[in-house]
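Chemist: Numbering (the numbering used here), first residue to last: 1 to 706. Beta carbons are placed, not taken as given, at the ideal position from N, Cα and C, and that holds for glycine.
1. Identify, in the order they occur along the chain, each residue of the same chain with its Cβ nearer than 7 Å to the Cβ of residue 337, setting aside the five sequence neighbours on each side.
2. In whole angstroms, what is the alpha-carbon distance linking residue 534 and residue 550?
3. When we look at the beta-carbon of residue 358 and count the other beta-carbons within 10 Å, is it buried (16 or more) or exposed?
4. Can you give me the C-alpha to C-alpha distance between residue 13 and residue 467, rounded to a whole angstrom?
5. Check whether the stretch 57–70 touches the stretch 359–375, counting contact only when three or more Cβ pairs, one atom from each stretch, lie closer than 8 Å.
6. Starting from residue 115, follow the alpha helix (DSSP H) in both directions and report where the run begins and ends.
7. Mapping the DSSP letters down to three states, classify residue 17 as helix, strand or coil.
8. Taking DSSP as the reference, what is the three-state secondary structure of residue 572?
9. Does the stretch 446–465 come within contact of the stretch 512–531, defined as at least 3 CB pairs closer than 8 Å?
10. What number of angstroms, rounded off, separates the C-alpha of residue 331 from the C-alpha of residue 666?
11. From the DSSP output, in three-state form, read off residue 713 for me.
12. Taking one C-beta from the stretch 418–434 and one from the stretch 452–469 each time, how about it: are there three or more such pairs within less than 8 Å?
13. Going by beta carbon distance, what residues of the same chain come within less than 6 Å of residue 544, once the five residues before and after it are set aside?
14. When you compare each of 291, 697, 197, 40 to residue 564 by their alpha carbons, which one comes out closest?
15. Along the beta strand (DSSP E) that carries residue 372, what are the first and last residues, could you check?
16. Could you tell me the boundaries of the alpha helix (DSSP H) in which residue 150 lies?
17. Identify every residue that forms a DSSP beta bridge with residue 409.
18. Suppose you measure from the CA of residue 65 to the CA of residue 631; what does that come to, to the nearest Å?
19. When the Cα of residue 624 is compared with those of 592, 640, 584, 602, which residue comes out closest?
20. Quick check on the burial criterion: 16 or more other C-beta atoms within 10 angstroms. Buried or exposed for residue 326?
21. The alpha helix (DSSP H) spanning residue 363 covers which residue range?
22. In its own chain, which residues sit with a C-beta less than 6 Å from the C-beta of residue 5, not counting the 5 before and 5 after it?
23. Considering only their Cβ atoms, is the gap separating residue 597 from residue 680 smaller than 9 Å?
24. For residue 522, which beta-bridge partners are listed by DSSP?
25. Taking only the alpha-carbon atoms, compute the straight-line gap between residue 275 and residue 197 and give it to the nearest angstrom.
26. Given a threshold of 16 other Cβ atoms within 10 Å of its Cβ, counted over all protein chains shown, does residue 185 qualify as buried or as exposed?
27. Tell me whether the stretch 219–235 and the stretch 307–326 touch, counting them as touching only if at least three CB pairs, one residue from each stretch, are closer than 8 Å.
28. Do residue 608 and residue 701 have their C-beta atoms closer together than 9 Å?
29. Beta carbon of residue 397, beta carbon of residue 575: below 9 Å?
30. Hey, is the stretch 247–265 in contact with the stretch 204–217, meaning 3+ C-beta pairs nearer than 8 Å?
31. For residue 305, collect the residues of the same chain with a Cβ closer than 6 Å to its Cβ; drop the 5 residues on either side in sequence, then sort them by chain order.
32. Kindly confirm or deny that the stretch 427–437 and the stretch 399–417 touch, where touching means at least three C-beta pairs closer than 8 Å.
33. Which same chain residues end up closer than 6 Å to residue 393 when comparing Cβ atoms and leaving out the 5 residues on each side of it in sequence?
34. Apart from the five residues just before and just after residue 470, which ones in its own chain have a Cβ nearer than 7 Å to its Cβ?
35. So, for residue 517: in the same chain, excluding its five sequence neighbours on each side, which residues have a beta-carbon less than 6 Å away from its beta-carbon?
36. Does DSSP put residue 303 in a helix, in a strand, or in coil?
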């Protein structure tokens with residue numbers, strides 16, 4: 001569309017550009033008119049769709065690194081050349097990696113192939129969000145534009161991941177549902193399929209007297225990817241088992257000449273052909289004793305008197321028991337919340353019941369289809385997809401979520417069977433990998449084979465392929481933002497380094513043939529220069545070190561590490577990563593004493609490898625501790641979390657009041673040691689503890705409890 005500007009507007013704008021004056025905000029839509037929409041959300045900080053899909057520094061695709069794969073003879077593959085993925089990291093970066101579709105782990109396997117995306121983004125209140133130890137699991141206090149834009153960016157990319165005939169289900173409550181509905185209409189125009197209203201709780205206690213009525217339902221917005229798409233749909237049915245007395249009490253049931261119970265329903269829009277089939281099956285009922293008249297010539301079903309109804313029979317199971325199958329509409333009152341099914345409770349906040357996800361997954365996918373949840377939390381979507389034979393991808397920003405889901409999958413055989421809650425599932429999970437995005441283990445990077453290492457660092461530093469493979473006899477590995485890149489082949493000569501001799505030789509062959517800058521990707525220990533670059537004859541040779549220490553000159557925005565929560569309040573903030581980082585293991589000193597009745601874990605020292613926080617303040621002993629995760633019966637192979645403690649839990653509360661961040665840090669700094677007690681009878685021969693710092697770095701240790 002053409003800009004809506006007159007001659008005077010144009011002159012004014014030119015003057016602003018020449019003199020550096022600020023252009024008034026009211027010119028935004030005059031300069032950049034948009035196609036007319038029925039409605040849209042307008043708010044501060046709303047980013048263009050094109051910029052969201054572009055791979056910029058604030059949210060870039062980053063490589064995936066496999067932490068561990070649970071496979072072999074014990075865990076079979078879900079499909080040929082596929083194992084399921086549990087991914088730790090910022091889901092925006094993860095979605096971008098799927099969208100970019102060049103990581104060998106997922107290339108050609110995820111983008112445009114996900115049949116169902118279900119997400120339950122943060123929306124609840126602190127009181128509704130409590131778990132064991134008073135924990136919270138994700139941010140839910142982001143208000144207004146911040147929350148809306150946070151979700152919008154992820155939904156825009158998620159649409160590209162969805163299969164053309166896929167559906168996306170977004171679970172919300174009353175606080176933001178209307179805003180997100182408008183947002184979804186923008187992203188998925190004319191693709192709204194339905195809104196589900198799920199009665200998640202029954203008001204009890206003081207809630208029954210809530211002002212303007214209790215809030216007892218949540219909403220699930222359902223959309224397809226494209227207007228012309230026909231997603232798979234298996235209409236859910238509800239089976240009810242009743243005795244003969246209960247059928248009589250139900251009301252509306254009649255008996256036919258064979259004493260079978262049926263109820264009737266208006267024929268609605270059934271065609272003549274369908275009604276004729278019902279008639280031939282003996283499923284047409286006429287009220288007031290009327291008879292059916294079949295007028296084939298005019299294709300009509302008439303009656304001598306009364307009205308036609310369709311018979312729906314209760315299935316006689318024998319022994320005075322009957323089964324009734326009922327259709328489901330968009331108001332779901334038959335699936336109770338987690339409070340009524342404590343056997344499912346993992347202790348993780350925001351957990352949803354398996355029956356809810358079972359209905360959604362069964363209705364929209366078939367066995368072998370790919371299901372994704374990028375706010376996976378406690379892993380309910382993942383666990384149900386596993387039980388139903390679907391392939392799956394789960395993503396979460398929290399270490400607590402990853403370890404909760406890992407345990408749930410490894411112990412899935414002990415959980416209830418979806419078809420019979422009185423029985424165990426009794427099967428092992430299919431093979432799955434725990435994968436890291438944006439926080440890398442340096443040892444695993446250097447353990448990669450040569451070609452794998454080259455591909456990994458290319459993706460890490462956004463190196464693009466070029467037609468030019470060598471200049472002046474020097475092999476080159478591509479370009480980064482229009483400048484050539486050389487990956488230093490540290491594997492060729494032992495103890496080889498990027499020193500002055502190496503650069504002089506490089507410059508002799510390259511210097512006059514390139515434009516002012518060359519990037520050298522090199523292990524940090526193989527660089528003999530302290531500075532970020534070395535200049536020779538007007539050409540700067542920048543060192544992109546592994547592990548990378550950010551070169552401020554090369555980045556418009558500073559890299560930002562994900563923070564793990566120390567308290568409920570900190571979890572209550574939305575968090576996003578910028579760039580990537582490498583694992584730097586904290587320093588921990590601890591001891592365990594096993595007595596007859598209890599096991600005591602004493603943590604005497606915990607210091608992050610980062611001496612300062614983002615504001616430059618020194619991190620004293622324990623100040624950087626986020627949480628402690630414990631497996632009381634460690635089997636020597638798999639970590640199955642028994643308990644978790646946030647830093648706030650370790651220092652306790654004063655007068656049952658929430659402590660703010662500064663109070664928590666002050667309390668932690670004062671501690672000489674932190675003591676955790678466990679009942680001896682709940683412990684095995686070994687115990688494993690994982691200490692997590694505020695940046696997601698871990699220190700692990702195993703204790704023998706003999």
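Modeler: Well, looking at it:
1. One-based indexing of the chain shown puts residue 337 at position 337. Closer than 7 Å at the Cβ level, and outside the excluded window around residue 337, lie 200, 201, 353.
2. Start at 1 with the first residue of the chain shown, and residue 534 comes out as number 534. Start at 1 with the first residue of the chain shown, and residue 550 comes out as number 550. Looking at the two C-alpha atoms, the distance is approximately 16 Å.
3. Taking the chain shown and counting its residues from 1, the one referred to as residue 358 is at position 358. Buried.
4. Here residue 13 is taken as the residue at index 13 of the chain shown, counted from 1. Here residue 467 is taken as the residue at index 467 of the chain shown, counted from 1. Their Cα atoms are separated by approximately 42 Å.
5. no
6. Along the chain shown, read from residue 1 onward, the residue named residue 115 stands at position 115. Premise fails: residue 115 lies in the beta strand (DSSP E), 114–119, not in any alpha helix (DSSP H).
7. As a first step, residue 17 must be located in the chain shown, where it is residue number 17. Of the three classes helix, strand and coil, the one that applies to residue 17 here is helix, per DSSP.
8. The sequence position of residue 572 within the chain shown is 572, counting from 1. The predicted position of residue 572 is uncertain, since its pLDDT is 46 and thus under 50; a value taken from the coordinates is nonetheless stated next. Three-state DSSP puts residue 572 in coil, outside helix and strand.
9. yes
10. Start at 1 with the first residue of the chain shown, and residue 331 comes out as number 331. Start at 1 with the first residue of the chain shown, and residue 666 comes out as number 666. Straight-line Cα distance between these residues: approximately 49 Å.
11. Not covered by the structure: residue 713. The range shown for the chain is 1 to 706.
12. no
13. Here residue 544 is taken as the residue at index 544 of the chain shown, counted from 1. Hits under 6 Å: 461, 519, 521.
14. Numbered from its first residue, the chain shown carries residue 564 at position 564. Looking at the Cα atoms, 697 is the closest of the given residues.
15. As a working note, residue 372 is residue 372 in the chain shown. 370–373 is the extent of the beta strand (DSSP E) around residue 372.
16. Locating residue 150 in the chain shown gives position 150, counting from the first residue. Element bounds for residue 150: 144–161.
17. Indexing the chain shown from 1 puts residue 409 at position 409. Answer is none; residue 409 lacks a bridge partner.
18. Sequence index remark: in the chain shown, residue 65 carries index 65 (1-based). Sequence index remark: in the chain shown, residue 631 carries index 631 (1-based). Residue 65 and residue 631: Cα-Cα distance of roughly 24 Å.
19. Along the chain shown, read from residue 1 onward, the residue named residue 624 stands at position 624. That would be 584, whose Cα lies nearest to the Cα of residue 624.
20. Your numbering for residue 326 matches position 326 in the chain shown. Burial call: exposed.
21. Counting from 1 along the chain shown, the entry for residue 363 is found at position 363. That run of the alpha helix (DSSP H) goes 354–364.
22. In the chain shown, counting from the first residue as 1, residue 5 sits at position 5. Excluding positions up to five away in sequence, the list reads 30.
23. Your numbering for residue 680 matches position 680 in the chain shown. Your numbering for residue 597 matches position 597 in the chain shown. Contact flag set, yes.
24. As a position in the chain shown, residue 522 is number 522, starting the count at 1. Bridge partners of residue 522: 545.
25. Position 275 of the chain shown, counted from the start, is the residue given in the question as residue 275. Position 197 of the chain shown, counted from the start, is the residue given in the question as residue 197. Cα to Cα, residue 275 sits roughly 32 Å from residue 197.
26. Translated into positions along the chain shown, residue 185 becomes position 185. Classification of residue 185: buried, given that the 10 Å Cβ count is 16 or more.
27. no
28. Within the chain shown, residue 608 is the residue found at index 608, counting from 1. Within the chain shown, residue 701 is the residue found at index 701, counting from 1. No, they are not a contact pair.
29. The count along the chain shown starts at 1 and reaches residue 397 at position 397. The count along the chain shown starts at 1 and reaches residue 575 at position 575. Yes.
30. no
31. Looking up residue 305 in the chain shown gives position 305. So the list reads 288, 290, once near-sequence residues are dropped.
32. yes
33. Within the chain shown, the letter at position 393 stands for residue 393. Cβ neighbours of residue 393 beyond the five flanking positions: 85, 372.
34. In the chain shown, counting from the first residue as 1, residue 470 sits at position 470. So the qualifying residues of the chain are 476.
35. Along the chain shown, read from residue 1 onward, the residue named residue 517 stands at position 517. If we look at residue 517 and ignore the five residues flanking it on each side, its Cβ neighbours are 483, 540.
36. Counting from one through the chain shown, the residue named residue 303 turns up at place 303. Strand, per DSSP.
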